[in-house]
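Below: one structure, written as structure tokens.
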Amino acid sequence: MEQFFLYSSIVLTIIIAVPLIRVVQGPTIFDRLLATNAIATKTLVLICLIGFLFDRIDMFIDITLAYAILGFIGSLTIAKFLESPKTSTKNE
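Just so it is clear: in the sequence shown, position 36 is 30 by this note's numbering, and no numbers are missing.
Set out below in structure tokens:
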């Protein structure tokens, strides 16, 4: 069973690389934001798998919840920043 979690973690790490390309080359900020959210979601699963590997799932679930909350707040902050109208400081 430990081999299954190990191989799943390796595959998940490789899958995280796909949205990483979109973060680097994304044509718009929205593409980068969505790719960052995808990476964060896959990282949550990866942290849980690592918890299973080390037989400390209770500790890693707490870490995962904190990481999920921080990712959600970060996404909301960026979305709110992008939604706000741009203010210019013109001297009249």
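Glycine included, each C-beta is placed from N, C-alpha and C at the ideal position.
### Task
Measure the C-alpha to C-alpha separation of residue 56 and residue 9 and round it to an integer number of angstroms.
The residue you call residue 56 lines up with position 62 of the sequence shown. The residue you call residue 9 lines up with position 15 of the sequence shown. Using only the alpha carbons, I get a separation of about 24 angstroms.
### Message
Looking at residue 41: is its Cβ nearer than 8 angstroms to the Cβ of residue 54?
### Response
Within the sequence shown, residue 41 is the residue found at index 47, counting from 1. Within the sequence shown, residue 54 is the residue found at index 60, counting from 1. Yes; because the gap between Cβ atoms is below 8 angstroms, this pair is in contact.
#### Entry: Cβ neighbour criterion (16 or more within 10 Å) applied to residue 63
Against the sequence shown, residue 63 aligns to sequence position 69. Around the beta carbon of residue 63, fewer than 16 other beta carbons sit within 10 angstroms, so the residue counts as exposed.
### Message
Our contact map puts residue 69 next to residue 38 with C-beta atoms below 8 angstroms; I'd like the distance itself, whole angstroms only.
### Response
Locating residue 69 in the sequence shown gives position 75, counting from the first residue. Locating residue 38 in the sequence shown gives position 44, counting from the first residue. 13 angstroms between Cβ atoms; not a contact.
### Task
Using the Cα positions of residue -5 and residue 51, report the straight-line distance between them to the nearest angstrom.
What you label residue -5 is simply residue 1 of the sequence shown in a count that begins at 1. What you label residue 51 is simply residue 57 of the sequence shown in a count that begins at 1. About 15 angstroms.
### Message
Restricting to Cα atoms, I'd like to know which of 80, 79, 49 and 35 is closest to residue 66.
### Response
Here residue 66 refers to the residue found at position 72 of the sequence shown. The shortest C-alpha separation from residue 66 is found at 35.
#### Entry: Three-state class that DSSP yields for residue 52 in the structure shown
Position 58 of the sequence shown, counting from 1, holds the residue named residue 52. DSSP places residue 52 in helix when its eight states are reduced to three.
### Query
DSSP on residue 13, reduced to helix/strand/coil?
As a working note, residue 13 is residue 19 in the sequence shown. Of the three classes helix, strand and coil, the one that applies to residue 13 here is helix, per DSSP.
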